[in-house]
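K.L.:
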Amino acid sequence: MDEGQGVDHRLARGTRLVLASHNAGKLAEFSALLAGYGITVLSAGDLALPEPEETADSFTGNAVLKAVAAATAAGLPALADDSGFCVAALDGAPGIYSARWAGPSKDFPAAMARIHTQMGDAADRSAWFISVLCLAWPDGTVQTFEGRIDGRFSWPPHGTNGHGYDPVFAPEGGGRTFADMTDAEKNAISHRGRAFDLFRAACLPLD
């Protein structure tokens, strides 16, 4: 992680921040998380930025790739998230390929059904979400933050909130899935919320 030389890498109020994603669900989630900090969030889609190919072999590598591409193209600080759903019985799959399992049409019900089918009657139902946030600056600095939450694969899917694999993930200590929770409940404990807490402490305005 290059911290840069003589540059303040904490975002200031009034900053325009690019969210390096075309995912409407992520944009809504991050807009809610950043509310109150005086930061204007623009998505890569708003700026018609291309989506870079995610060629790295880790969540951190893909988050850096996306954030740097957006910061370079827009000339603004950019925040990227690379996250995925990992299932113990599938050796951590779909993992970094979570979005690709849903295909170009983002068919997450089909992806969840695929996990269920491939798990079969496996006794180990444990699963986890990982999120890595990367804040990239036009000067080349990158800062990364990782969050994780453990739980279990819950079948059949239930709940109407959230997005992606939320309907089949029940965090430890309860029976509700992420999709059963309000945004505030989910953000308080989620992998992305935990990564965001680290990002907030290091990068968001102090006043």
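Sequence positions in the sequence shown follow the working numbering and run 439 to 645. Virtual Cβ for every residue (Gly too), placed ideally from N, Cα, C.
With a threshold of 8 Å, are at least 3 pairs of Cβ atoms found where one atom belongs to the region 505–514 and the other to the region 573–588?
P.N.:
In short, these stretches touch, since the Cβ pair count reaches three.
K.L.:
Determine whether the beta carbon atoms of residue 516 and residue 505 lie at a separation below 9 Å.
P.N.:
Contact flag set, yes.
K.L.:
Assign residue 458 to buried or exposed, taking buried as 16 or more other Cβ atoms, counted over all protein chains shown, within 10 Å of its Cβ.
P.N.:
Flag for residue 458 reads buried.
K.L.:
Could you give the DSSP three-state label for residue 623: helix, strand or coil?
P.N.:
DSSP places residue 623 in helix when its eight states are reduced to three.
K.L.:
DSSP state of residue 440, grouped into three classes?
P.N.:
With a pLDDT of only 45 at residue 440, under 50, the local geometry of the prediction cannot be trusted, and no value is derived from it.
K.L.:
Within the continuous beta strand (DSSP E) that includes residue 416, where are the two ends?
P.N.:
Here the chain has residues from 439 to 645 only, and residue 416 is not among them.
K.L.:
Taking the straight line between their C-alpha atoms, what separation do you get for residue 520 and residue 636?
P.N.:
Cα-Cα distance, rounded: 15 Å.
K.L.:
Under the DSSP definition of a beta bridge, which residues are partnered with residue 585?
P.N.:
DSSP lists 569 as partners of residue 585.
K.L.:
I'd like to confirm the pairing. Which residues does DSSP put opposite residue 524 in its beta bridges?
P.N.:
Per DSSP, 532 and 566.
K.L.:
Identify the continuous beta strand (DSSP E) that holds residue 607 and give its terminal residues.
P.N.:
Run containing residue 607: 607–609, per the beta strand (DSSP E) assignment.
K.L.:
For the beta strand (DSSP E) that contains residue 453, what are its first and last residues?
P.N.:
First-last for residue 453: undefined, no H or E at that position.
K.L.:
In the DSSP assignment, the alpha helix (DSSP H) including residue 487 goes from what residue to what residue?
P.N.:
It is not in any alpha helix (DSSP H) - residue 487 carries neither H nor E in the DSSP assignment.
K.L.:
Measure the CB-CB distance between residue 551 and residue 544 and report whether it falls below 9 Å.
P.N.:
No, these two residues do not count as a Cβ contact at 9 Å.
K.L.:
Near residue 547, what residues of its chain come up, given a Cβ to Cβ distance below 8 Å and the 5 sequence neighbours on each side ignored?
P.N.:
Hits under 8 Å: 595.
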